[in-house]
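Taking the numbering used here, the leading residue of the sequence shown gets 237, the next gets one more, and so forth.
For glycine and all other residues, C-beta sits at the position ideal for the given N, C-alpha and C.
Below is one structure, written out as structure tokens; the observations come after it.
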Amino acid sequence: THDYTRKGGIVHAEIMLPAHAPPEFADRSILWNSVEQIEKARDSQLAREIEAALPRELSDEQQLALVRAYVKDNFVDKGMCADFAIHDKGTGNPHVHIMLTVRPLKGNGAWGAKCRKAYDLDENGQRMAVTKIHPIKSTLKKALDYIENPAKTDEKMLVSSFACSYETADIEFELLLSQAMQKGNNLAHHLIQSFAPGETTPEQAHEIGRQLADEVLQGKYPYVLTTHIDKGHVHNHIIFCAVDMVNQRKYVSNRQSYAYIRRTSDRLCKEYGLSVVMPGQDRGKSYAEWDAHRKGTSWKAKLKAAIDAVIPQAKDFDDFLRLLQEQGYEVKRGKYVSFRAPGQERFTRCKTLGEVYTEEAITERIKGRFAERKPKENRKISLRIDLENSIKAQQSAGYEKWAKLHNLKQAARTLNFLTEHEIDSYPDLESRVAEITAASTEAAAASKAAERRLAEMAVLIKDVTTCKELRPLVQEYQRTADKKQFRRKHEGTLILYEAAVKAMKEQGFQKLPDLYALKAEYKQLAEQKDQLQQQYNEAKRQMQEYGIIKQNVDGILRTTPGKEQMQER
237 THDYTRKGGI VHAEIMLPAH APPEFADRSI LWNSVEQIEK ARDSQLAREI EAALPRELSD
297 EQQLALVRAY VKDNFVDKGM CADFAIHDKG TGNPHVHIML TVRPLKGNGA WGAKCRKAYD
357 LDENGQRMAV TKIHPIKSTL KKALDYIENP AKTDEKMLVS SFACSYETAD IEFELLLSQA
417 MQKGNNLAHH LIQSFAPGET TPEQAHEIGR QLADEVLQGK YPYVLTTHID KGHVHNHIIF
477 CAVDMVNQRK YVSNRQSYAY IRRTSDRLCK EYGLSVVMPG QDRGKSYAEW DAHRKGTSWK
537 AKLKAAIDAV IPQAKDFDDF LRLLQEQGYE VKRGKYVSFR APGQERFTRC KTLGEVYTEE
597 AITERIKGRF AERKPKENRK ISLRIDLENS IKAQQSAGYE KWAKLHNLKQ AARTLNFLTE
657 HEIDSYPDLE SRVAEITAAS TEAAAASKAA ERRLAEMAVL IKDVTTCKEL RPLVQEYQRT
717 ADKKQFRRKH EGTLILYEAA VKAMKEQGFQ KLPDLYALKA EYKQLAEQKD QLQQQYNEAK
777 RQMQEYGIIK QNVDGILRTT PGKEQMQER
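Next comes the structure, spelled out in structure tokens:
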């Protein structure tokens, strides 16, 4: 790690710790030595760094208060240790460097597990639903007790579970873990889903959490879901067993699985009208950089603007560098070209600005050949633009001209589509749209039905496995003379067996079903479900395509849904 306290212009340096942190961690060397000692791999990530500009209008005391509040609310209260230093060389660029521990501190002062966490921003820069997941390697019962805390869950009104009872989930998870086909220390995984303050109700958040768990875990992993309402924002906790109920395989937690969790959470939030991050150039920026870019004040934003302004004037790349130097930029040439503005502390590499700002791209832009690298025109049919009601078209003659050309292209593509699909009248189009909509609805229903049946079968397989595993203990219980003492000793395990037997009887099974036959049926149904999902995806694609076609036809013909005859093409 880099020691920012050795740099010049230090106004203040401080270490902020959680209340349960060992007091000796206030010593910088002890803190970071402890961080290094806990890691086994030589290339382990030890810390996260945040660098943020501070408002020049604030006094030193106000800047310090701002940093302390930010660090406490966002990091220290989450269990992280923060080592920060405020720098100001008198050049008009006060800023803070914050070093954060990657591992949070547990309540007993020991280092916890590393976790994947993302704070996403919507197009307005507001926090959206946040997802976070980390493994549970010990103290499973403690973790479950914490998320089920009555004070946090409206006296357990916001607690639910799947394929287990939340009262005995730790015992049920342990039984399933004992059957695992793979080794590993993970007992369970803890998924947290937070929402922007005031954006959703506890009940709605709980339903979104249930849908997230069902979709991500596909009905194969037992889980406990709780919604906490004791903080300033509503958030869900999902703890699910690390072993699945069907094949007794461990859940694989990696970048791909985490990305799927985030995508699913984003989609669900969008469906419920909650904040959703929009794909675009700002994805992956820190909040400080995004905020500075929005205000037009970041060094990168200023450098990009300067490059864009200079390129039309430059004869070649050397002339381009000369023109930037005339604007006050310092140039450093090496493997990558870098620039530094007056008052900027670090150089900025061109390649970090985006694909159109690499040295090769700038050279081609100067020569006027960069247009050759533009992607091919999108040939898909898209919606026509309603010019009569477009404020942008009324305010910009250039946009209006482009929109008219766009509408002509879409009209031609729409008419070609109708010809290729032998649609000769408006009723024919309406009939085709209705058919595809019905097919999409039917495919979705069939896929959901298969999904529900798979979840039911997974629970049945778990119950059968539980009975087979615990039968020797139950037989011993039946033979023993002192049943009360035996039951006191094995209460939890016997309850699991009795619950599994009861569940099977409720489904009409008087004797234990064949486990191999159940798994074979599950596999066959899973394959059918995949085929149904593919059919639904195709029907959904066609429904969206025909929806655009119909809207374009309505716009071209200025018609209403009740029009009987299509105008002659």
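Original post:
Per DSSP, what kind of secondary structure is Q429 in: helix, strand or coil?
Top reply: Of the three classes helix, strand and coil, the one that applies to Q429 here is strand, per DSSP.
Subject >> For H331: DSSP bridge partner residues >> reply: DSSP output for H331 lists A289, H323 as bridge partner(s).
**OP:** Could you have a look at K467 and say whether DSSP puts it in helix, strand or coil?
**Re:** Under the three-state reduction of DSSP output, K467 falls in the coil class, being neither helix nor strand.
Original post:
Any contact of the region 492 to 502 with the region 771 to 788, i.e. 3+ C-beta pairs under 8 Å?
Top reply: Not touching, per the Cβ criterion.
**OP:** Look up Y459 in the DSSP assignment and say whether it is helix, strand or coil.
**Re:** Strand.
Subject >> Contacts around T389, its chain only, beta-carbon distance under 7 Å, and the 5 residues preceding and following it disregarded >> reply: For T389, where only same-chain residues beyond five positions count, the Cβ hits under 7 Å are V395, T462, T463, H464.
**OP:** Alpha carbon to alpha carbon, how far is N329 from D544? Give it in angstroms, no decimals.
**Re:** In a straight line, the C-alpha of D544 is about 24 Å away from that of N329.
Subject >> Straight-line gap, A249 to F320 (C-alpha atoms, nearest Å) >> reply: For A249 and F320, the distance between alpha carbons rounds to 6 Å.
Subject >> Segment contact, 8 Å Cβ cut-off, at least three pairs: the region 464 to 479 with the region 546 to 566 >> reply: Taking 8 Å as the limit for Cβ pairs, the verdict is that the region 546 to 566 does not touch the region 464 to 479.
**OP:** Counting only the same chain and skipping the five closest in sequence on each side, list residues whose C-beta sits under 8 Å from that of A524.
**Re:** In this prediction, A524 scores a pLDDT of 48, lower than 50, which makes its location untrustworthy; no coordinate-derived value is stated.
Original post:
Expressed to the nearest angstrom, what Euclidean distance is found between the alpha-carbon atoms of V482 and T673?
Top reply: Cα atoms of V482 and T673: separation of roughly 35 Å, rounded to the nearest angstrom.
**OP:** For R601, collect the residues of the same chain with a Cβ closer than 6 Å to its Cβ; drop the 5 residues on either side in sequence, then sort them by chain order.
**Re:** So the qualifying residues of the chain are I547.
**OP:** Express the C-alpha separation of K568 and Y635 in angstroms, rounding to a whole number.
**Re:** C-alpha separation (whole angstroms): 40 Å.
Subject >> Nonlocal neighbours in the same chain, by C-beta distance under 7 Å from R715, ignoring five residues either side >> reply: Close CB contacts of R715 within its chain, under the 7 Å cut and outside five residues either way in sequence, are absent.
Subject >> Distance CB(Y733)-CB(R723) smaller than 9 Å >> reply: One thing to note: Y733 has its Cβ no nearer than 9 Å to the Cβ of R723.
Original post:
Assuming L806 contacts A318 under a Cβ cut-off of 8 Å, what Cβ separation, rounded to an integer in Å, is found between them?
Top reply: Nothing about residue 806 can be reported from this structure: the residues present for the chain run from 237 to 805 only.
**OP:** Reducing DSSP to helix, strand and coil, say where F311 ends up.
**Re:** Three-state DSSP puts F311 in coil, outside helix and strand.
Original post:
Near Q193, which residues of its chain fall below 8 Å by C-beta distance, leaving aside the five closest residues on each side in sequence?
Top reply: No information on residue 193 is available, as it lies outside the stretch 237 to 805 that the chain covers here.
Subject >> Q711 versus L730 - alpha carbon distance >> reply: Roughly 11 Å between the two C-alpha positions.
Original post:
Would you say the region 419 to 439 touches the region 365 to 383, given that touching needs at least three Cβ pairs under 8 Å?
Top reply: Look at the beta carbons and you see the region 419 to 439 touching the region 365 to 383: at least three pairs across the two are nearer than 8 Å.
Subject >> Beta carbon of L589 nearer than 9 Å to that of K645 >> reply: Remark: C-beta atoms of L589 and K645 do not approach each other more closely than 9 Å.
Original post:
Are the beta-carbon atoms belonging to H861 and K378 less than 9 Å from one another?
Top reply: Any property of residue 861 remains undetermined from this structure, which presents the chain solely from 237 to 805.
Original post:
So is G445 buried or exposed if we call it buried at 16+ other beta carbons inside 10 Å?
Top reply: It is buried - the Cβ of G445 has at least 16 other Cβ atoms within 10 Å.
Original post:
Are there three or more Cβ pairs, one per stretch, closer than 8 Å when the region 583 to 599 is compared with the region 748 to 765?
Top reply: As far as the Cβ criterion goes, the region 583 to 599 does not touch the region 748 to 765, which means the pair count is below three.
Original post:
Which residue from K314, R304, A691, P340 puts its Cα closest to that of H333?
Top reply: When only C-alpha atoms are compared, the closest one is R304.
**OP:** Write down every uninterrupted run of the alpha helix (DSSP H) in the region 370 to 451 whose length is 4 residues or greater and which is fully enclosed by it, in chain order.
**Re:** Counting only runs of at least 4 residues, the region 370 to 451 fully encloses the following alpha helix (DSSP H) elements, listed from N- to C-terminal order: 376 to 383, 405 to 413.
Original post:
Ends of the alpha helix (DSSP H) at H642?
Top reply: In the DSSP assignment, H642 falls within the unbroken alpha helix (DSSP H) covering 633 to 656.
Original post:
For the region 528 to 578, which segments carrying the alpha helix (DSSP H) assignment without a break, of at least 4 residues, lie completely within its bounds, in sequence order?
Top reply: The qualifying runs are 535 to 546, 553 to 562.
**OP:** Put K486 into one of helix, strand or coil per three-state DSSP.
**Re:** Looking at K486 - three-state DSSP - the assignment turns out to be strand.
Original post:
For E408, which residues from the same chain have a beta carbon less than 7 Å from its beta carbon, with the 5 sequence-adjacent residues on both sides left out?
Top reply: Result list for E408: C400, P458, L732, in chain order.
Subject >> Own chain, CB closer than 8 Å to Y572, minus 5 neighbours either side, in chain order >> reply: Around Y572: R585, C586, K587, E595.
**OP:** With DSSP collapsed to three states, give me the class of C317.
**Re:** Shown here, C317 sits in coil according to DSSP, grouped into three states, outside any helix or strand.
**OP:** Please report the residue range of the alpha helix (DSSP H) in which A670 lies.
**Re:** In the DSSP annotation of this structure, the continuous segment of the alpha helix (DSSP H) that includes A670 starts and ends at 662 to 715.
Original post:
What residue range is occupied by the uninterrupted beta strand (DSSP E) comprising M806?
Top reply: There is no way to answer for residue 806, as the model of the chain reaches only from 237 to 805.
**OP:** Report the three-state DSSP secondary structure of F476 (helix, strand or coil).
**Re:** It is a strand residue.
Original post:
Thinking C-beta only, is A739 closer than 9 Å to L709?
Top reply: No. Outside cutoff.
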